[in-house]
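**Q** Take a look at the following structure, please.
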Amino acid sequence: MKVSLWGTRGSVPSPGPETIRYGGNTSCVGVTLSDGSLLALDAGTGIRNLGLALPVETTRLHILLTHLHLDHIQGLVFFEPLFRSQAEVVIWGPATPEASLRDRIARYISAPLSPVEVRELPCDVSFRASPEQWELGSARITAASVAHRGPTLGYRIEDAGSTLAYIPDHEPALGADLAALEPEWISGFALAEDADLLIHDGQYADEEYARHLGWGHSALSHSLAFARRTGARRTVLFHHDPMHSDRWLDTHAERAAAEWVAGGGAGAVELGREGTSYEVDPATGEFALAAEPAGSATVEASAITSVVGR
Ligand SMILES: [Zn+2]
Ligand SMILES: [Zn+2]
271 MKVSLWGTRG SVPSPGPETI RYGGNTSCVG VTLSDGSLLA LDAGTGIRNL
321 GLALPVETTR LHILLTHLHL DHIQGLVFFE PLFRSQAEVV IWGPATPEAS
371 LRDRIARYIS APLSPVEVRE LPCDVSFRAS PEQWELGSAR ITAASVAHRG
421 PTLGYRIEDA GSTLAYIPDH EPALGADLAA LEPEWISGFA LAEDADLLIH
471 DGQYADEEYA RHLGWGHSAL SHSLAFARRT GARRTVLFHH DPMHSDRWLD
521 THAERAAAEW VAGGGAGAVE LGREGTSYEV DPATGEFALA AEPAGSATVE
571 ASAITSVVGR
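Note that my numbering gives residue 295 to position 25 of the sequence shown, counting from 1, and the numbers run on in steps of one.
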């Protein structure tokens, strides 16, 4: 399994000289399974570059949406494979009693917000409510509701003996003490338990959290407590606040690493940076760094292709 970060920002795209190194695109993670199947986790603005990097012969891929906040679907209208007639795209997401997934996404992909309507997309696109568990290519996918604002899923992807957990928008500590709760009462616990790679909400510093209580996101100490309780082997903090510059995030990364070590955490904790890839090392079964950001604002198309790998 290979995992590539195409957008690590939360809430709203935040391009500019202050966000070059961690990236300004909103949530999107590309996953290549061991059998070559392609998944995109969320469709924030990062999915635009993912789509441009896909070889034209790519005909089938799956998009797994955690929820329909704009920072997780905004890139859909700019996802190039949706405009390829030979492409088959399956979009999965949370069900609600109120309206179908297709109808809810069509509120964005329709006038006046979008120049195209869903029915006009040239590709073969289908919309499916994520079940609790299903097989996709070589992976077993588990979806479960997590604590956020509105119907929101987290995903667990198990493939060839390795596990990725993706919970980008998550406030598990709202009204709860993560250190003391029994596992079955911790939001998202079963999704992340013993994950080899956990990509988790890390939006706020602890001192910022009081002003954002109930907004659906985690303070640093909550993210670390969640990672510690679930036993994740490698944790990537994700969904950076649009107000946080590269310099702010550098300091945040140092605090995260220090608090992780001080708390007796095993494994590694780091901040997600757009352009980073992780790949399972067959020798150890663990996720290792496979590619790092090109280091400048614009990643060349050739570099993107090599990051995708296929
Ligand atoms: Zn979000
Ligand atoms: Zn959200």
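Cβ atoms here follow ideal geometry from the backbone N, Cα and C, with glycine treated the same way. Only a predicted model underlies this, so the values are computations on that prediction, with no experimental measurement involved.
1) Does the beta-carbon of residue 466 have 16 or more other beta-carbons within 10 angstroms, so that it is buried, or is it exposed?
2) For the alpha helix (DSSP H) containing residue 331, list its first residue and its last residue.
3) For residue 309 and residue 372, I'd like the C-alpha separation in whole angstroms.
4) If you reduce the DSSP assignment to three classes, tell me which class residue 342 lands in.
5) Under a criterion of Cβ closer than 6 Å to any non-hydrogen atom of ligand 2, which residues qualify, in chain order?
6) Evaluate contact between the region 291-298 and the region 419-431, counting only Cβ atoms and requiring at least three cross-stretch pairs below 8 Å.
7) Roughly how many whole angstroms lie between the Cα atoms of residue 564 and residue 545?
8) Is residue 280 near ligand 1, going by C-beta to nearest heavy atom under 8 Å?
9) Quick check on DSSP: helix, strand or coil for residue 281?
10) Determine the closest residue to residue 455 out of 489, 493, 480 and 499, with distance taken between C-alpha atoms.
11) Indicate whether residue 489 and residue 435 have their beta-carbon atoms separated by less than 9 Å.
12) Go to residue 479, then tell me how far its alpha helix (DSSP H) extends in each direction, as first and last residue.
13) Which residue's Cα is closest to the Cα of residue 537: 520, 518 and 557?
14) If the criterion is Cβ atoms closer than 9 Å, does the pair residue 316 and residue 345 meet it?
15) Which value, in whole angstroms, describes the spacing of the CA atoms of residue 333 and residue 300?
16) Is there a Cβ from chain E that is less than 9 Å from the Cβ of residue 464?
17) Between residue 447 and residue 409, what straight-line distance do the alpha-carbon atoms span, to the nearest angstrom?
18) Which runs of the alpha helix (DSSP H), 4 residues or longer, sit entirely within the region 472-549?
19) For residue 470, list the residues DSSP reports as bridge partners.
20) DSSP three-state label for residue 289, please.
21) With a threshold of 8 Å, establish whether the CB of residue 511 neighbours any heavy atom of ligand 1.
22) Quick test of your reading: residue 444 and residue 414, contact by CB under 8 Å. State the CB separation rounded to the nearest angstrom.
23) Can we count residue 341 as close to ligand 1, meaning its CB is less than 8 Å from some heavy atom?
24) Hey, how far is the Cα of residue 279 from the Cα of residue 302?
25) Take the Cβ of residue 526 as the centre, count every other Cβ of all protein chains shown within 10 Å, and call the residue buried at 16 or more, exposed below.
26) Once the 5 residues before and after residue 286 are set aside, which same chain residues still bring their CB inside 7 Å of it?
**A** Quick answer:
1) With a threshold of 16 other beta carbon atoms within 10 Å, residue 466 meets it and is buried.
2) Counted as a single uninterrupted DSSP element, the stretch harbouring residue 331 is not any alpha helix (DSSP H) but the beta strand (DSSP E) occupying residues 330-334.
3) The alpha-carbon atoms of residue 309 and residue 372 are separated by roughly 19 Å.
4) Note: residue 342 maps to helix in three-state DSSP.
5) Listed along the chain, these residues meet the criterion: 337, 339, 418, 439 and 486.
6) Here the region 291-298 makes no contact with the region 419-431; the two share fewer than three CB pairs at distances below 8 Å.
7) Cα atoms of residue 564 and residue 545: separation of roughly 7 Å, rounded to the nearest angstrom.
8) Under cutoff, so the answer is yes.
9) Correct three-state label for residue 281: coil.
10) Of the residues 489, 493, 480 and 499, the one whose Cα lies closest to the Cα of residue 455 is 499.
11) Not a contact, by the Cβ cut-off of 9 Å.
12) 476-479 is the extent of the alpha helix (DSSP H) around residue 479.
13) Looking at the Cα atoms, 557 is the closest of the given residues.
14) Yes, these two residues count as a Cβ contact at 9 Å.
15) So the two alpha carbons sit approximately 9 Å from each other.
16) In the structure shown, chain E does not exist; there is a single protein chain.
17) Roughly 33 Å separates the two Cα atoms.
18) Runs of the alpha helix (DSSP H) inside the region 472-549: 476-479, 490-500 and 516-532.
19) Residue pairing from DSSP places residue 470 in a beta bridge opposite 437 and 507.
20) When DSSP states are grouped into helix, strand and coil, residue 289 belongs to the helix group.
21) It does not: the Cβ of residue 511 is nowhere closer than 8 Å to a heavy atom of ligand 1.
22) Rounded, the Cβ-Cβ distance is 17 Å, inconsistent with contact.
23) Yes, the beta carbon of residue 341 sits closer than 8 Å to at least one heavy atom of ligand 1.
24) Going by the C-alpha atoms only, they are around 21 Å apart.
25) Under a 10 Å Cβ-count criterion, residue 526 is classified as buried, with 16 or more other Cβ atoms of the shown protein chains found around its own Cβ.
26) Once the five neighbours on either side are set aside, the close Cβ partners of residue 286 are 294.
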